[in-house]
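Everything in the sequence shown is counted per my numbering, starting at 4 for the first residue and increasing by one. Heads up: the structure comes next, in structure tokens.
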Amino acid sequence: MKVANTVDLKNKTNQLLREVMKGNPLIITYRGKPAASMLPLNESDLEDFIIENSPSIRRKIAKAEEDVKAGRVVSLNDYLSSLEK
Numbered sequence: 004m005k006v007a008n009t010v011d012l013k014n015k016t017n018q019l020l021r022e023v024m025k026g027n028p029l030i031i032t033y034r035g036k037p038a039a040s041m042l043p044l045n046e047s048d049l050e051d052f053i054i055e056n057s058p059s060i061r062r063k064i065a066k067a068e069e070d071v072k073a074g075r076v077v078s079l080n081d082y083l084s085s086l087e088k
């Protein structure tokens with residue numbers, strides 16, 4: 004795994020990005036300490052990435068899981084039937 008500092012990132016952005024796009028993750032350091040990472044991402048992974056990294060979506064999923072545990076659910080058939088009424 005390649006490591007680059009912020010100066011490298013500024014001066015070699017395109018080169019580093021091409022390496023990441025080839026499947027080689029990159030660790031970015033700031034003042035000698037790990038600060039961020041760049042990972043390859045394709046369109047099919049984008050939705051999963053957004054869900055995994057969005058605090059608001061994670062909160063909504065956690066609430067939905069609590070609702071399931073508490074029995075606050077409706078079956079799909081019951082829901083669809085309620086729409087027909």
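Glycine is no exception: its CB is placed at the ideal position from the N, C-alpha and C atoms. None of the values given here were measured: they were computed from a predicted structure.
Asparagine 17 Cβ short of 7 Å to the ligand ATP heavy atom set: Questions concerning the ligand ATP fall outside what the structure shown contains, since it holds no ligand whatsoever.
Rounded straight-line distance, which links the Cα of asparagine 8 to that of serine 40: The straight-line gap from Cα to Cα measures roughly 11 Å.
Contained beta strand (DSSP E) runs [length at least 3] in the stretch 16-49, N- to C-terminal order: Under the rule that a run must span 3 or more residues, the beta strand (DSSP E) segments found entirely inside the stretch 16-49 read 29-33 and 36-41.
Complete alpha helix (DSSP H) runs within the stretch 44-82 (minimum length 4 residues, chain order): Whole alpha helix (DSSP H) segments, 4+ residues: 46-56 and 58-72.
Coarse secondary structure for lysine 5, derived from DSSP in three states: Secondary structure of lysine 5 (DSSP, three-state): strand.
Close Cβ partners of leucine 86 (< 7 Å) along its chain, the five nearest in sequence each way excluded: There are no such residues.
Any 3 or more C-beta pairs closer than 8 Å across the stretch 22-34 and the stretch 42-57: Because the criterion of three Cβ pairs below 8 Å is met, the stretch 22-34 and the stretch 42-57 touch.
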